[in-house]
Every structure is written in structure tokens, then in C-alpha cells.
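Those sequence lines, one after another, are chains B and G. In this text, residue positions in the first sequence follow my numbering: the first is 145, and each later residue adds one. In this text, residue positions in the second sequence follow my numbering: the first is 51, and each later residue adds one. Quick reminder that beta carbons are idealized off the backbone N, C-alpha and C, glycines included. Everything below concerns the one structure shown next.
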Amino acid sequence: MKEIYLDNSATTKVFPEIAALMTKIYTDDYGNPSSMHNKGVDAEKYIRTAKEQIAKTLKVSEKEIIFTSCGTESDNMALLGAAHALRRKGNHIITTKVEHPAVLRTMEALEKEGFDITYLGTDRYGVISLDELKDSVRDDTILVSIMHVNNEIGSIMPVKEAGELIKSINKDIVFHVDAVQSYGKFVINPKKMNVDMLSVSGHKIHGPKGIGFLYLNEKLRIEPLILGGGQQNNMRSGTENVAGIAAMGLAAKMMYENLDDDVKRMYDHKKHLIDGITDIEDVSINGVSDDGIMGAPHVISVSVKDVRAEVLLHALEDKGIYVSAGSACSTHKKSVSSTLSAIGLEKNLLDSTVRFSLSVLTTKDEIDDAIKAMHELIPVLRKYKPH
Amino acid sequence: MFSAFLIKYAEIGVKGKNRYVFENALVSRIKAVLAKCEGEFDVPKSDGRIFVYAKTAFDYDEVTDALKTVFGISGICPMEGCDLIPIDELGQKVCDYINENIPDRNVTFKIVTRRANKAYPLDSMETSANIGGAVLDRFPEMKVDVHEPELVIHVEIREKIFIYSEEIPGPGGMPLGTNGKAMLLLSGGIDSPVAGYMIAKRGVRIDAVYFHAPPYTSERAKQKVVDLAKEISKYTGPIDLHVINFTDIQLHIYEKCPHDELTIIMRRYMMMIAEELAKQNECLGLITGESLGQVASQTIHSLAVTNEVCTLPVFRPLIGMDKNEIVAISEKIGTYETSILPFEDCCTIFVAKHPVTKPNLNVIKRHEKNLEDRIKELFDRAIDTDEVIHID
Chain B
145 MKEIYLDNSA TTKVFPEIAA LMTKIYTDDY GNPSSMHNKG VDAEKYIRTA KEQIAKTLKV
205 SEKEIIFTSC GTESDNMALL GAAHALRRKG NHIITTKVEH PAVLRTMEAL EKEGFDITYL
265 GTDRYGVISL DELKDSVRDD TILVSIMHVN NEIGSIMPVK EAGELIKSIN KDIVFHVDAV
325 QSYGKFVINP KKMNVDMLSV SGHKIHGPKG IGFLYLNEKL RIEPLILGGG QQNNMRSGTE
385 NVAGIAAMGL AAKMMYENLD DDVKRMYDHK KHLIDGITDI EDVSINGVSD DGIMGAPHVI
445 SVSVKDVRAE VLLHALEDKG IYVSAGSACS THKKSVSSTL SAIGLEKNLL DSTVRFSLSV
505 LTTKDEIDDA IKAMHELIPV LRKYKPH
Chain G
51 MFSAFLIKYA EIGVKGKNRY VFENALVSRI KAVLAKCEGE FDVPKSDGRI FVYAKTAFDY
111 DEVTDALKTV FGISGICPME GCDLIPIDEL GQKVCDYINE NIPDRNVTFK IVTRRANKAY
171 PLDSMETSAN IGGAVLDRFP EMKVDVHEPE LVIHVEIREK IFIYSEEIPG PGGMPLGTNG
231 KAMLLLSGGI DSPVAGYMIA KRGVRIDAVY FHAPPYTSER AKQKVVDLAK EISKYTGPID
291 LHVINFTDIQ LHIYEKCPHD ELTIIMRRYM MMIAEELAKQ NECLGLITGE SLGQVASQTI
351 HSLAVTNEVC TLPVFRPLIG MDKNEIVAIS EKIGTYETSI LPFEDCCTIF VAKHPVTKPN
411 LNVIKRHEKN LEDRIKELFD RAIDTDEVIH ID
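And the structure:
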């Protein structure tokens, strides 16, 4: 059976050139970059190259890239590190209700430490209001964390405007952006966007799992999360994941090579998918509007009334099509998605929402197949309603 | 250093002429669990006792944990062994044993000797008396009490001499394979693994059947059942898990029968399929985790209606137990953590808000007539989907 992978916001397929590069590093250039001999020097070169490749995409200095094990670690490091370093300046942090758990759970931990956290709501398209942000900033606000693109519905946050606004009120407030879903799909320029810290993950951009990075403005001092041998300028100890780092660098380079074309193609696919399935009765798309709000090019959140997301997911899987359930629900455990609740999705749709997510590898044929499958499956599944 | 174990068994002792069958089954099960442990072992039978002798180094905790999963064992006595040494040396040996293993020596004790090796110069009484004297000399705080001693030190004189005092409780029950085989209806819940464990404890080998309903239930739900089967197989020995695709039958019932009777009719078809598989696989009974009154399908009325489709005996070992009692066993045997993982199983996906609690057999049968056009074909097709996962 043909495999149609439309779950690219969960993870992506590693590009073959990237896998080949990693194999070469694992088998030939396996040195420890801290070693004084040539093997170490060779390994270090990969790290330097990767930093250059990444720094170029963001127009920042190579010194400002710190490699981590994943997007979650980048978020943890940024938020815990900044909050602890700035504790004496203030106690207030602002974030949104629709952040990834990597941010939300970290905020909860900071709350337990005594920090005061404000969670911004969103409109029905999953976008925060700049006025609410402005009103939330206080004299003791030290840190603001806003995701760039929401992982569940693909809404795009006005991070540039938010950065400007925050800094115009108080230039010392540190601004963190979780860019795990946007890096590789958007041109991101932290310096121009007033972003001090930016989290990125490797496996969302056709790199491997186990690698991520944090852009950290060189003027900013935060506390490291992981202590040890003092690698990466003491900011993140532990022997560098050389193969992962090199892969991350190459992935960054490749994602930005044809960015405009790639993004345009993904938007075409997105529109095509939306047009193709919204003619089915009671199927609606979250995070997009009729009058131009399109969200990110790769995320399509689809609510299908009277069909349980998990069932639709498995039925699509049966046809070789892989998607995500918007909110993992079962009769045993209700874990309602914070994003879907925040955008005010009707209760009966919370458990009926699936996410299609595209990549640069997605083809029009695959979208056609997905549309066809939805047309076939939804009427059948609706015959058997849960009570 | 313990180098051997005396295996005690309770119920087998009274089985008369069949006794060797039970003993052999026990020995072979002990060998099977020890084969998975580090080290090599001999498991001889002699004079109505079973011994485990370590021939190499072994991990004491691993071996005792393994033996604790063998049904039929009532107690496991770790023994220290030594050569056939003269009585004065043996006295000192026992004192060393006490020194090492009995931290609180303010106790009354007695020495019990069993002399299987009649070549040993002293008889059991003399041996015990001699050793007792040595102990009293070395540990003046210890006192002899032959009637109600707090500590009993056993000395077994065989081709070697063994000393033991501790008895670790075994799981009890009867050796696996001495009581045929039965088919367990295994869901992902708390109850059915416990039911399987309890029937296996009576010497019954287990096969299991799981009904999955893709796309309504996921591969992970199936994996959970495989994991549960793996956990109980520590006790029950190898299990053939039959996975049956039940979706079409379920949907057919959904279309043709009243929704408040869905569960009960579904249960009837599950029992029929389980019985068919049981017969194909030499099983002599069915096992379910039903507990009277726990849910609508487990009222006495519902059970009567479900049971009506079966000709094989249906064993329901949890029938009189409360949920907390069942949970306690599942925690003990290690299935609880897996059982509570949140995956949909096929019993819950279409469950009605108010299922019947007092179904009437005639009414149910009348409604089942609606299924007639396709049910035979769907039933056979479901049996054909049987995927056997061998778990050991």
C-alpha cells in the first residue's frame, strides 16, 4: 500500500543526504570535538559548519546558536534559564494559553517556584491580541514567551509586532519565541523581530530526532540547564551530538534553499485540501477564515462532526494515510487540547478534530488521495455514532 | 552462601497414585522458569521432595523471584550446602549459619535433622542433640524449646549436607498442565488478566482471545493486550493469543439490533467465537473476568443470557470479588499498571448510555434474528481473521 504521510508536524522523514551525512560521521568522523587530536578537530569542524549554516538562515552570529537535544529542551532552557537569571528584576512572566506543553508545563513549574504567570487568550483563529498583551505587561514583567506557529491549528502569532510592543514598553523584558513549527517555513530574523531567544527542533525539518537548538542573543545571560564539562561555552554541557548537529545544519540549509517555492506549493496543497473536504457536510477547518486568514502553509486542522478523531485517524491509516488526532481522547481519559479549547471550538468537536500536516515532500496526488479517502470514510463512520 | 533450594508443595502431597504426574509437572515448570535465569541448575526429586541445586553461580533474587511464579510451590527454602563433614565440624557449620543469617539471637530454637543418607554415622536425634549443644556453647543467649521454638534450623543429610531455616512463601496452587487448557477472554482491562492468573493457578494452561475492532480500536490497544498476556505468562507459561477482528460483527449488530442491547448481544458473539476457538485448540473451558454486578453486562440476568450460547464450562473466578480485591491481585501479579493505560477497547466504543441490565433471553433471541442474513458469514470471516501471537 502507498504510504501517504501527512503528519509532518509530529515529525518528518529524514532527507537521504542528511542520513548519509550522519552515517559518515558515525562511522568515519566519530571523534569527540573536545579531543585535542585530529579526530576531535575534524568533529569540531562539523559543528562549526552547522553553526554557520544555521546562523545564516537567521542572520545572527554563530556564537548565538546553542545545540540542545530537542525543541522541548530549548524551551525549558530558555524559560527556566531566563526566569532564574532575571529573578531579582521581577517576578512576572507572560505567555499564551495555546503554547506547546514544553512551554506550558515549564510555566507551571515556574509558577510553583513563585513566579506569577499571565496566560494570554486567543481569538477563534488562535491568534493573540496585541492589546491584551500590552495591557498584561507590568513593571515587574521579566519574560514573554509566544509561539510563532501553533502546532495544532497552524495559527501564526504576530511575533514581530509583539516584540516591538514589548520592547517599546520595557527594553529589558526578554522575549522568547517557540519556533519549532515555523522554522524552515518562514523567514525568521530574530534581531529585527526583537526576539532574544528562539527554540527550534531538528526532526520537524527533515533532520533527525534528538537534536534542536536555541538561538540566544549574545548580550543575554541565562542560567544553563545542564551542567558538566563546560561544552558550548558552558551553556550546555555534554559531549556534542556531532552527527545530529551536522544534520541540523544541513537540514536548515536545505529548508531555506527554495523557501519561497516550497511555501507556495504547500499553501496550494493546503487550499486544495480545504476546498476538497469542506464540501462534505459538517466538516470545518480551524484557524482559517473565508476572508484571508490562512495560517501556516503546512498545518490543516479539520473538525468532522459526529466522527471520533481517533477512529477517523485509524480509518485513514487503513488506507495508508497518516494524520494526527487534534486531541487525544478516549473513554478512559479526557485530555482536552488547550489550543482547541482556547479558540472556543464547540465541545462536541473537541474529540472530532484531526490534523493534516504537510511537508516539502507532499505531492498533489497525495492530497487528492486524502480528499478521496475523507469522502469515502466520513459517511460510513457517521453511520456508527458513539452514544 | 545459599547454593540450593528445597521446594515445598502442599496439595500435590495428597494426590495418591497420580502424585508423580503432579511432581513431574512441577519439576518441568521449575526447570522452565530457571532456564530463563542466569546459571545452571539441577532439579532432582527424591524422597517426596524437590530440590533445586545450583551448579554454577546464580543471582539469588532472580531465582527466588522466578520460583515464586511457579504454581504448586507452597514454600521455597534457601539452603546452605556443605560436604559430609563429621559431627563436630557440622556443629560449627550450623553456628556459622546462625551467625550469618539470624541477626536476632535472643530466641528459642530447635534443630531438626533429616537423615536421608543412612551412611552418616549418627542418627537424626543424635545429630540434632550434638548440633544443639554446639549452638548453645557458641550463642549462650539462645535457648532450646522443642515444643514451640521461634526458630527451627533444619539439617538435611543427603549426599551432601544442607542447612536451612527460612521458608519463602510460594504462590500455592497446582502445577501447570495438570488440569488441561482453557481459553481466556482477554480484554485490556484489570479483571481478565487476574481471571487468567487464578485459573492457571489451578494447574490449567491458558490460551487467550482478544477482540479488536479497527479502526475503532488502535494497534496500541492490541499491543497493550499483548503486554498483559506477556505479564501473566510469567505465571501461566506460554500463551497462544488469538486476535480476532470483530469490527464487522459489531457494526452489523449496531445496525440491526436495539442499541441498549448492543453490549449483551456482542458478548454473546464473543463467547461463541471464543468457544469455537477453544474447541479448535483443545481447550476444555472458557475463562472470563466477570464479577457479579460490576457492570450492566455482568448482572445475574446478563450472565445468564451470555452463558446460554456456551456448551463448554465458563470459569469466572472473580465472580464474587469486589473491585478492590481484584485490583489487589492485579497489583500483586504486576498487570495493574498496564491495565489502566488509556486505550479504547471494543467493549466501550459503542456502549449505550443506558444498556439493559435485565435482558430477557427471548427478546434478545428475537432481535438476534435480525442478524440472520449475514451473521453466519461474518462469524466465519471473524474466525478466519484469527492471528495467533505466541507469547512466552
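Cβ-based neighbour list, residue i, same chain, cut-off 8 Å, excluding 5 preceding and 5 following
{"i": "V205/G", "result": "L140, V144, I161, V162, T163, R164, T177, S178, I181, I211, F212 and I213"}
Beta-carbon contacts of residue i that lie in its chain and below 6 Å, excluding the five residues immediately before and after
{"i": "E454/B", "result": "A469"}
{"i": "H228/B", "result": "E367"}
{"i": "Y147/G", "result": "E130 and I213"}
{"i": "H476/B", "result": "With a pLDDT of only 43 at H476/B, under the threshold of 50, the placement of this residue in the model should not be trusted, and no figure is reported."}
{"i": "G339/G", "result": "D241, S242, A245 and L368"}
{"i": "I237/B", "result": "F259, I261 and L287"}
Residue from the options whose Cα sits closest to the Cα of residue i
{"i": "K353/B", "options": "P523/B, M145/B, I389/B and A226/B", "result": "I389/B"}
{"i": "A50/G", "options": "I123/G, D146/G, V157/G and V113/G", "result": "Because chain G in this structure spans residues 51 to 442, residue 50/G falls outside the shown range and cannot be described."}
{"i": "K363/B", "options": "S205/B, S381/B and I429/B", "result": "S205/B"}
{"i": "D340/B", "options": "I349/B, V247/B and D322/B", "result": "D322/B"}
{"i": "H347/B", "options": "M145/B, P177/B, T167/B and S503/B", "result": "S503/B"}
{"i": "G393/B", "options": "I261/B, F357/B, D423/B and V271/B", "result": "F357/B"}
{"i": "K359/B", "options": "R409/B, L223/B, D423/B and S485/B", "result": "The question names Lys, but residue 359/B is Tyr in the sequence shown. Y359/B has its Cα closest to that of L223/B, out of R409/B, L223/B, D423/B and S485/B."}
{"i": "A459/B", "options": "G343/G, E332/G and E269/G", "result": "E269/G"}
{"i": "E308/B", "options": "K329/B, Y466/B, L274/B and R282/B", "result": "L274/B"}
{"i": "T250/B", "options": "D423/B, L369/B and S447/B", "result": "L369/B"}
{"i": "I152/G", "options": "T286/G, V276/G and L201/G", "result": "L201/G"}
{"i": "K203/B", "options": "D512/B, P334/B, T212/B and K311/B", "result": "P334/B"}
{"i": "C360/G", "options": "G125/G, K105/G, M233/G and K408/G", "result": "M233/G"}
{"i": "K251/G", "options": "M371/G, S237/G, L235/G and Y285/G", "result": "Y285/G"}
{"i": "A444/G", "options": "K403/G, E305/G, V293/G and Y260/G", "result": "Residue 444/G falls outside the range modelled here, since chain G spans only 51 to 442, and no answer is possible."}
{"i": "R365/B", "options": "H416/B, L525/B, M301/B and G225/B", "result": "G225/B"}
{"i": "R208/G", "options": "D133/G, A85/G, E381/G and E311/G", "result": "D133/G"}
{"i": "P523/B", "options": "Q376/B, T156/B, H236/B and I421/B", "result": "I421/B"}
{"i": "G88/G", "options": "R79/G, A104/G and M192/G", "result": "The residue you asked about is not Gly; residue 88/G is Glu in the sequence shown. Residue A104/G is the option with its Cα nearest to E88/G."}
{"i": "N402/B", "options": "F330/B, A440/B and S482/B", "result": "F330/B"}
{"i": "I169/B", "options": "D186/B, E243/B, N182/B and V158/B", "result": "D186/B"}
{"i": "D138/G", "options": "D436/G, R188/G and E375/G", "result": "R188/G"}
{"i": "S179/B", "options": "G439/B, Q375/B and G464/B", "result": "Q375/B"}
{"i": "I203/G", "options": "A82/G, S341/G, N68/G and V185/G", "result": "V185/G"}
{"i": "A425/B", "options": "S343/B, R452/B and H519/B", "result": "It is worth fixing the name first, because residue 425/B is Glu in this sequence and not Ala. The candidate whose alpha carbon is nearest that of E425/B is H519/B."}
Cutoff 9 Å: residue i Cβ touching any chain G Cβ
{"i": "N149/B", "result": "A small fix is needed here, since residue 149/B is Tyr in this sequence, not Asn. Answer no: the Cβ-Cβ gap between Y149/B and chain G never drops below 9 Å."}
{"i": "K527/B", "result": "yes"}
{"i": "S474/B", "result": "With a pLDDT of 43 at S474/B, under the threshold of 50, the predicted position of this residue should be treated as unreliable, though the coordinate-derived value follows. Yes, contact with chain G."}
Environment of residue i [buried if 16+ CB atoms lie within 10 Å]
{"i": "I317/B", "result": "buried"}
{"i": "L254/B", "result": "buried"}
{"i": "E384/B", "result": "buried"}
{"i": "L371/B", "result": "exposed"}
{"i": "Y267/G", "result": "Note that residue 267/G is Thr in the sequence shown here, rather than Tyr. Looking at its Cβ environment, which holds 16 or more other Cβ atoms inside 10 Å, T267/G is buried."}
{"i": "R255/G", "result": "buried"}
{"i": "E198/G", "result": "exposed"}
{"i": "Q330/G", "result": "exposed"}
{"i": "P171/G", "result": "exposed"}
{"i": "E358/G", "result": "exposed"}
{"i": "G488/B", "result": "exposed"}
{"i": "I350/G", "result": "exposed"}
{"i": "S433/B", "result": "exposed"}
{"i": "D412/B", "result": "exposed"}
{"i": "S96/G", "result": "exposed"}
{"i": "S501/B", "result": "buried"}
{"i": "S134/B", "result": "Residue 134/B falls outside the range modelled here, since chain B spans only 145 to 531, and no answer is possible."}
{"i": "A258/G", "result": "buried"}
Contacts around residue i, its chain only, beta-carbon distance under 7 Å, and the 5 residues preceding and following it disregarded
{"i": "V377/G", "result": "I240 and Y386"}
{"i": "E326/G", "result": "I433"}
{"i": "S283/G", "result": "I289, I441 and D442"}
{"i": "T297/G", "result": "A263, P264 and Y266"}
Neighbour flag for residue i against chain B, beta carbons, 9 Å
{"i": "F400/G", "result": "yes"}
The region 257-274 of chain G: positions lying closer than 7 Å to chain B by Cβ: P264, P265, Y266 and S268
Where the region 296-311 of chain G meets chain B: residues whose CB sits under 9 Å from a CB there: Q300, L301, Y304, E305 and H309
Residues in the region 431-465 of chain B having any Cβ partner in chain G nearer than 9 Å: R452, E454, V455, L456, L457, H458, A459, L460, E461 and D462
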